[in-house]
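Asker: Okay, so the sequence shown: first residue is 1 according to UniProt numbering, each after it adds one.
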Amino acid sequence: MMWVVEVNRSAITDEDRNINAPQIYVADKRTAEWEDDYIDFFLSYTGLQGYRMYFYSMRSFLIVTVETILDDLGMLIVGYVLVFVFVVLILGRRSCVESRVYLEQTLKCSRTLWGQKENEKMGDVKMKTQEWILSALGMASVAFSTLTAIGLCHRMGFVYGSMHRAMPFVLLGIGIDDMFVIIQAFENLPKKELSGKSLRTRVGLTMEHAGVAITITSVTDFAAFVIGATTIIPALRSFCVYTAVGILVLYIFQSCFFVACFTLDQRRMESGRNGFLFCFKQPDGCGPRMECAKYDLIMIFFRDFYSPVLLKPLGKILVSLFTLGFLAWSIYGFYHLEQMFDRIWMLPESSYLHQYFKHSKIYYPSHWEMGALLVGSVDYPEELGNIHRVVTELRSEPTMRHVNSWTNDFIPYVNTYWNASAPDVPLPEDQFHSLLSLFLFSPKGGKYTHQFEFNGTLDCLSPAPPIIASRIDFEYKPMSGPHEHIPAMRRVKTAVLNSQITTGDQFVLSWARAYGNWEIDEIIQEELYRNIGLAMVCVFVVTLGLLGNIWTCLIVLSCVVMTLISVAGLMYNWGVTIDTVSCICMVLAIGLSVDYSAHVGHTFMTVSGTRDRRAALTLTRIGPAVFSGGFSTFLAFAALFTSQSHVFKTFFKIFFGVVIFGLYYALCFLPVFLSWFGPAPYQAGLREDYGEEMEDRGGMSCKENLEAGVVLIEARNGSLDGDLSKKTGARDPIKSSAEMTGAFA
Numbered sequence: 001m002m003w004v005v006e007v008n009r010s011a012i013t014d015e016d017r018n019i020n021a022p023q024i025y026v027a028d029k030r031t032a033e034w035e036d037d038y039i040d041f042f043l044s045y046t047g048l049q050g051y052r053m054y055f056y057s058m059r060s061f062l063i064v065t066v067e068t069i070l071d072d073l074g075m076l077i078v079g080y081v082l083v084f085v086f087v088v089l090i091l092g093r094r095s096c097v098e099s100r101v102y103l104e105q106t107l108k109c110s111r112t113l114w115g116q117k118e119n120e121k122m123g124d125v126k127m128k129t130q131e132w133i134l135s136a137l138g139m140a141s142v143a144f145s146t147l148t149a150i151g152l153c154h155r156m157g158f159v160y161g162s163m164h165r166a167m168p169f170v171l172l173g174i175g176i177d178d179m180f181v182i183i184q185a186f187e188n189l190p191k192k193e194l195s196g197k198s199l200r201t202r203v204g205l206t207m208e209h210a211g212v213a214i215t216i217t218s219v220t221d222f223a224a225f226v227i228g229a230t231t232i233i234p235a236l237r238s239f240c241v242y243t244a245v246g247i248l249v250l251y252i253f254q255s256c257f258f259v260a261c262f263t264l265d266q267r268r269m270e271s272g273r274n275g276f277l278f279c280f281k282q283p284d285g286c287g288p289r290m291e292c293a294k295y296d297l298i299m300i301f302f303r304d305f306y307s308p309v310l311l312k313p314l315g316k317i318l319v320s321l322f323t324l325g326f327l328a329w330s331i332y333g334f335y336h337l338e339q340m341f342d343r344i345w346m347l348p349e350s351s352y353l354h355q356y357f358k359h360s361k362i363y364y365p366s367h368w369e370m371g372a373l374l375v376g377s378v379d380y381p382e383e384l385g386n387i388h389r390v391v392t393e394l395r396s397e398p399t400m401r402h403v404n405s406w407t408n409d410f411i412p413y414v415n416t417y418w419n420a421s422a423p424d425v426p427l428p429e430d431q432f433h434s435l436l437s438l439f440l441f442s443p444k445g446g447k448y449t450h451q452f453e454f455n456g457t458l459d460c461l462s463p464a465p466p467i468i469a470s471r472i473d474f475e476y477k478p479m480s481g482p483h484e485h486i487p488a489m490r491r492v493k494t495a496v497l498n499s500q501i502t503t504g505d506q507f508v509l510s511w512a513r514a515y516g517n518w519e520i521d522e523i524i525q526e527e528l529y530r531n532i533g534l535a536m537v538c539v540f541v542v543t544l545g546l547l548g549n550i551w552t553c554l555i556v557l558s559c560v561v562m563t564l565i566s567v568a569g570l571m572y573n574w575g576v577t578i579d580t581v582s583c584i585c586m587v588l589a590i591g592l593s594v595d596y597s598a599h600v601g602h603t604f605m606t607v608s609g610t611r612d613r614r615a616a617l618t619l620t621r622i623g624p625a626v627f628s629g630g631f632s633t634f635l636a637f638a639a640l641f642t643s644q645s646h647v648f649k650t651f652f653k654i655f656f657g658v659v660i661f662g663l664y665y666a667l668c669f670l671p672v673f674l675s676w677f678g679p680a681p682y683q684a685g686l687r688e689d690y691g692e693e694m695e696d697r698g699g700m701s702c703k704e705n706l707e708a709g710v711v712l713i714e715a716r717n718g719s720l721d722g723d724l725s726k727k728t729g730a731r732d733p734i735k736s737s738a739e740m741t742g743a744f745a
């Protein structure tokens, strides 16, 4: 059953166009209201017992899309809340000055104001990071960046589509990663050497290291999306422009706004003011701080447990063997990865519109493979032979089920009843229009009337008016995938291109509703490989310029390549195909995976000593920040697990792989590889040594260790490795603080 509603185009307003333009469907207010009532009626209709009704209207796409956006907004809020809670827990300490939790801090301060007595010297001030409000400000900079990017790009005329809803999640993951790196760099500063230095100086030294790190990742991410914006796919180009601008704005906000907030809050903390009620200054000696607040548990894990185990010979061998085996599995999946896209995937599976299209394909399998040959205002008597030849080629196409052409009945009609020799001998123009009018009012020709658009009214007693356009309908057979429908589409387009129609406006075109999907399938794989290749070149050039070491850049780039291969293998095993959404995700994967590896590679170049020692210090210094940044990215997308949107489901699956594999190659494979084949450090790294400082921040301070009768000794540039091994009987110069304590107690 079908209802056809005529749109009163003279009643369409600019507001109607703005509302409906994204759906390429414009209706006047009265028609739109009728469609709304039509949808509401069938959604609530229960009159047919034992039957199910499937329906849709032209306005359904707009309505379902708006509802999906509202659902996605809730997921965005959940993602932000999860990340906020995680950041508060990671950056916070369980004390009034260093707390991050609103409720916990309020309850404590309502009972008593207690705190930890801080020594006036800088070396005894615990360089803990900021409270809940700083976490909120860091996330606020992400929100500001998102809004700014959307406003700027919309102002520049770029269309905001359904895929753009994932942009806030992308910026959230990148922004939180930058925040962790900045704070980790501040905590890594040598406190004894900077004792008495102003806060401005310490923040400046922080940005000397963190600024390079976030610049590397931001510029490489920006470059990857700029390359993606050169694609010929409009939706992908628009998304890449929005995200590239968002990353650039986020970099500015994080390096200016967040650093300023961080500085102000560090000043508050060093003055001993309460983490929530800033006007209260914690009294000295009110009571001991909670014991667990003294320790950075993630740093202790990386320093005392993870790096010693990973960098042992057996650990290195196991990581290498696992990586080779996993890469082989991933390459197999990557080789068998398919390209396929269906526009109904963009609809929530539970929506009535998705159900309509799904069952329409079941009961009418060729419904979405119907098309037409469109011919413009040409000299039809002269071009009748060319049109008929194209129709003959369409009929011979093996993938065609049916071709419904007016020429197939018109030519026998004029040749039989009017003694003509069409199309070999063109009919005179007057005779052609007279016979066409008679034909369209005949029993055989009446069914073709809808295939013509005349410049006037068709009358059976008069010659047909001039033809503005005509169409010839055809129907494809059901096909199983791109390997069938792409060649079929190309053959039809080739036949149309060789039509030799040269009169009038020369307009001739083949069109099918499914061509929108098929044309994406035709170019998406080539576009994907092109964008990835260009993005990798860009990443290498930018990373080389900022890291300044070609060997380090190649190692980082290899980790990015392995991450992409692993993600592609996961896509195959998780049922994800190559389409516009997954193409966007793969470009995003380059930016995120290079973040993890670049941080590790850059930190490795700034520390001195043997390769094993440098790898261990790298994991201790930057490992917590990289892990926290990656896990926060996962949390940002975790809420998408329950989404019914194809866009968000694809984003979740791919970004799950990006985080897992990116962290594995950055924190497992890369340190092992660098411990074997790592390059020499920067000259500045030869002069720097934060060994004692890393011991301090993980647990007790140097002063506390000395009071316990313990001496911590760390080799300088590897010079004491031999002596240390002799005195302790150790087989490995890389020792945890627990082992060192036992040796020298």
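The C-beta atom is built at its ideal place from N, Cα and C for all residues, glycine as well. Please read these numbers as outputs of a predicted model, since none were measured by experiment.
(1) Tell me the rounded alpha-carbon separation between residue 444 and residue 361.
(2) Mapping DSSP to helix, strand and coil, what is residue 767?
(3) Going by CA-CA distance only, name the one from 622, 644, 662 that's closest to residue 184.
(4) My parser needs the beta strand (DSSP E) runs of 3 or more residues fully inside the segment 494-571; what are they?
(5) Within 10 angstroms of the Cβ of residue 317, are there 16 or more other Cβ atoms? Answer buried if so, exposed if not.
(6) Taking DSSP's pairing of strands, which residues face residue 373 in a bridge?
(7) Specify the secondary structure class of residue 400 as computed by DSSP and reduced to three states.
(8) Is the segment 498-515 touching the segment 548-564 in the sense that three or more CB pairs, one from each, lie closer than 8 Å?
(9) Give a yes or no on whether the C-beta atoms belonging to residue 455 and residue 463 are separated by under 7 Å.
(10) If you draw a straight line from the alpha carbon of residue 610 to that of residue 337, how long is it in whole angstroms?
(11) Leaving out the 5 sequence neighbours to the left and right, which residues in its chain are closer than 6 Å to residue 206 when beta-carbon positions are compared?
(12) In its own chain, which residues sit with a C-beta less than 7 Å from the C-beta of residue 756, not counting the 5 before and 5 after it?
(13) Determine, using beta carbons only, whether residue 604 and residue 618 come nearer to each other than 7 Å.
(14) My guess is that residue 564 and residue 532 are in contact by the Cβ rule of under 8 Å, so how many angstroms apart are they, rounded?
(15) Between which two residues does the alpha helix (DSSP H) harbouring residue 262 extend?
(16) Do you know how far the Cα of residue 499 is from the Cα of residue 390?
(17) Quick test of the definition: if touching needs 3 or more C-beta pairs under 8 Å, does the segment 400-414 touch the segment 537-551?
(18) Return the CA-CA distance between residue 211 and residue 347, expressed in angstroms with no decimal places.
(19) Would DSSP call residue 281 helix, strand or coil?
(20) Could you give the distance in angstroms between the alpha-carbon of residue 678 and the alpha-carbon of residue 165?
(21) Return the chain-ordered list of same chain residues with a C-beta closer than 6 Å to the C-beta of residue 449, the five sequence neighbours on each side being excluded.
(22) Less than 7 Å between the beta carbons of residue 620 and residue 301, yes or no?
(23) With contact counted as at least three CB pairs below 8 Å, one residue from each stretch, are the segment 240-254 and the segment 167-179 in contact?
(24) Given a threshold of 16 other Cβ atoms within 10 Å of its Cβ, counted over all protein chains shown, does residue 553 qualify as buried or as exposed?
(25) Are residue 747 and residue 640 close, meaning C-beta to C-beta below 7 Å?
(26) Are the CB atoms of residue 534 and residue 60 nearer to each other than 7 Å?
(27) Using beta-carbon positions only, say whether residue 596 and residue 626 come within less than 7 Å of one another.
(28) Using a threshold of 7 Å, state whether the C-beta atoms of residue 521 and residue 326 are closer than that.
(29) Assuming residue 423 contacts residue 385 under a Cβ cut-off of 8 Å, what Cβ separation, rounded to an integer in Å, is found between them?
(30) Do residue 587 and residue 650 have their beta-carbon atoms positioned less than 7 Å apart in this structure?
(31) Look at the alpha carbon of residue 41 and the alpha carbon of residue 645, and state the distance between them as a whole number of angstroms.
(32) Can you tell me whether DSSP reads residue 20 as helix, strand or coil?
(33) Would you report the Cα separation of residue 323 and residue 636, rounded to the nearest angstrom?
(34) Starting from residue 187, trace the alpha helix (DSSP H) in both directions and tell me its first and last residue.
(35) Kindly indicate the opening and closing residues of the beta strand (DSSP E) around residue 454.
Answerer: From the atom records:
(1) Near 31 Å, if we compare the C-alpha coordinates of residue 361 and residue 444.
(2) Residue 767 cannot be examined here, being either before or after the span of the chain that is shown, 1 to 745.
(3) When only C-alpha atoms are compared, the closest one is 622.
(4) The segment 494-571 contains these whole beta strand (DSSP E) runs: 508-512.
(5) Burial call: exposed.
(6) Per the DSSP secondary-structure output, residue 373 pairs in a beta bridge with 472, 510.
(7) Three-state DSSP puts residue 400 in a strand.
(8) Judged by Cβ distances under 8 Å, the segment 548-564 makes no contact with the segment 498-515, as fewer than three pairs qualify.
(9) Here residue 455 is not near residue 463, since their CB atoms are 7 Å or more apart.
(10) As the crow flies, the alpha-carbon of residue 610 is around 42 Å from that of residue 337.
(11) Excluding positions up to five away in sequence, the list reads 185, 186.
(12) This structure gives no information on residue 756, because the portion of the chain shown stretches from 1 to 745.
(13) For residue 604 and residue 618, yes; Cβs fall inside 7 Å.
(14) Yes, they are in contact, since the Cβ atoms of residue 564 and residue 532 sit about 7 Å apart, within 8 Å.
(15) Here the alpha helix (DSSP H) through residue 262 covers 259-270.
(16) Approximately 6 Å, taken between the alpha carbons.
(17) Judged by Cβ distances under 8 Å, the segment 400-414 makes no contact with the segment 537-551, as fewer than three pairs qualify.
(18) Their Cα atoms are separated by approximately 42 Å.
(19) Looking at residue 281 - three-state DSSP - the assignment turns out to be strand.
(20) Distance between the alpha carbons of residue 678 and residue 165 is about 41 Å.
(21) Excluding positions up to five away in sequence, the list reads 440.
(22) If you check the CB distance, residue 620 and residue 301 do not come in under 7 Å.
(23) The segment 240-254, when compared against the segment 167-179, does touch it at the 8 Å Cβ threshold.
(24) The residue is buried, with at least 16 neighbouring Cβ atoms inside 10 Å.
(25) With the chain represented from 1 up to 745, any question about residue 747 goes unanswered, as that position is not in the structure.
(26) Not in contact: residue 534 and residue 60 (Cβ atoms no closer than 7 Å).
(27) Yes. Within cutoff.
(28) For residue 521 and residue 326, no; Cβs fall outside 7 Å.
(29) Cβ-Cβ separation between residue 423 and residue 385: approximately 4 Å, consistent with a contact (criterion under 8 Å).
(30) With a cutoff of 7 Å on beta-carbon distance, residue 650 and residue 587 are scored as not near each other.
(31) Roughly 25 Å separates the two Cα atoms.
(32) The predicted model places residue 20 with a pLDDT of 40, which falls under 50 and marks its position as unreliable; any figure quoted below should be read in that light. If DSSP states are grouped into helix, strand and coil, residue 20 belongs with the helices.
(33) Near 27 Å, if we compare the C-alpha coordinates of residue 636 and residue 323.
(34) Looking at the DSSP string, the run of the alpha helix (DSSP H) that includes residue 187 is 167-187.
(35) Run containing residue 454: 452-454, per the beta strand (DSSP E) assignment.
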